[in-house]
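Quick note, the sequence shown lines up with residues 1 to 212 if you use UniProt numbering. No residue lacks a Cβ here, since even glycine has one placed at the ideal position from N, Cα and C. Here the structure is a predicted model, which means the values were calculated and not measured. Written below as structure tokens is the structure these notes are about.
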Amino acid sequence: MTKVPDPNKIYPDENVKSIVFLKNVVTNPNIEVGKYTYFSDEEPKKFEEHVTHHYDFINDKLIIGKFCSIGADVEFIMNGANHLMKGITPYPFYIMGDEWSGHLPEIGDLPNKGNTVIENDVWIGQNVTILPGVHVENGAIIGANSVVASNVSAYSIVAGNPAKQIRKRFSDDIIAQLQDLAWWDKDVEWITKNIDYLMTGKITKEKIDELN
1 MTKVPDPNKI YPDENVKSIV FLKNVVTNPN IEVGKYTYFS DEEPKKFEEH
51 VTHHYDFIND KLIIGKFCSI GADVEFIMNG ANHLMKGITP YPFYIMGDEW
101 SGHLPEIGDL PNKGNTVIEN DVWIGQNVTI LPGVHVENGA IIGANSVVAS
151 NVSAYSIVAG NPAKQIRKRF SDDIIAQLQD LAWWDKDVEW ITKNIDYLMT
201 GKITKEKIDE LN
């Protein structure tokens with residue numbers, strides 16, 4: 001039997017308290033996290049404090065896949081942060097109390113860009129801010145201090161404010177092969193056997209075909 005880190009424990013390594021397997025510290029049912037995704041922070045068990053403006057009545061979700069690497073001080077801003085913009089002013093009178101509170105808009109009138117989705121094997125650098133409704137595809141890398149306001153394509157590197165694509169990590173053909181391989185869905189024995197190649201191996205079409 002392969003001995004590997006237990007994805008159902010909070011700490012991958014009990015001696016390192018700054019890294020947690022994220023799915024084991026999340027309690028909000030509107031946050032979904034896959035196996036082996038980790039969060040590195042001074043207080044990683046407080047991840048939900050990094051998901052802001054996430055209100056039950058809006059019912060939007062933060063969905064994070066498997067094997068993602070999330071750096072310290074990230075912030076996921078959810079749809080509750082958005083203000084109405086179809087009138088003269090975006091000012092939210094209805095949250096200020098007294099008579100103004102009676103001017104609550106219909107839920108359907110509030111801006112809602114949908115769920116925020118981070119797919120699998122995504123690396124999110126330190127101090128990144130991700131805005132509502134963004135979809136980050138498999139294998140993407142987001143540079144530290146970036147503000148991500150739009151979708152990020154698979155196996156691309158983005159950085160900046162607003163985050164823009166720096167380059168693709170691989171050719172389109174290789175990216176298609178890697179999407180088909182979906183190594184994050186393999187069993188733990190397969191992953192353990194192929195760790196060295198996954199991290200440092202020379203990437204060729206022939207080798208990826210062998211892995212498939």
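Tell me which same chain residues have a C-beta within less than 8 Å of the C-beta of residue i, skipping the five on either side of it?
i	result
aspartate 13	Pro5, Ile19
asparagine 30	His54, Asp56, Asn59, Asp60, Lys61, Leu62
asparagine 115	Asp60, Lys61, Leu62, Ile63, Gly133
For residue i, which residues from the same chain have a beta carbon less than 7 Å from its beta carbon, with the 5 sequence-adjacent residues on both sides left out?
i	result
histidine 50	Val74, Glu75, Phe76
lysine 66	Gly34, Lys35, Tyr36, Thr37, Asn120, Trp184
valine 26	Val33, Phe47, Glu48
Should residue i go down as buried or exposed, given a rule of 16 or more other Cβ atoms within 10 Å for buried?
i	result
methionine 199	exposed
threonine 60	At residue 60 the sequence reads aspartate, which differs from the threonine that was named. Buried, since its Cβ has 16 or more Cβ neighbours within 10 Å.
valine 16	exposed
aspartate 180	exposed
phenylalanine 39	buried
lysine 193	exposed
aspartate 41	buried
tyrosine 91	exposed
asparagine 28	exposed
asparagine 212	exposed
Pick out whichever of the options has its Cα sitting closest to the Cα of residue i.
i	options	result
phenylalanine 57	Ile107, Ile10, Asp98	Ile107
isoleucine 141	Pro132, Phe170, Asn115, Gly114	Phe170
residue 213	Lys202, Thr129, Met85, Ile191	Since the first residue of the chain shown is 1 and the last is 212, residue 213 is not available in this structure.
aspartate 209	Ile191, Trp190, Ile195, Ile174	Ile174
Apart from the five residues on each side of it in sequence, which residues of its chain come closer than 6 Å, Cβ to Cβ, to residue i?
i	result
asparagine 145	Asn127
arginine 167	Ile157
valine 136	Ile118, Val122, Val152
Task: Length at least 3, wholly inside the segment 87-148: the beta strand (DSSP E) runs in chain order - done: Runs of the beta strand (DSSP E) spanning 3 or more residues and lying entirely within the segment 87-148 occur at 116-118, in chain order.
Open item on the list: Check whether the segment 77-85 and the segment 98-115 are in contact - that is, three or more C-beta pairs closer than 8 Å.
Closed with: yes
- [ ] Count the CB pairs spanning the segment 145-155 and the segment 86-100 that are closer than 8 Å, and state whether there are at least three.
- [x] no
- [ ] Quick one: which unbroken beta strand (DSSP E) runs of 3-plus residues sit fully inside the segment 32-79? Chain order, please.
- [x] 38-40, 62-64, 75-77
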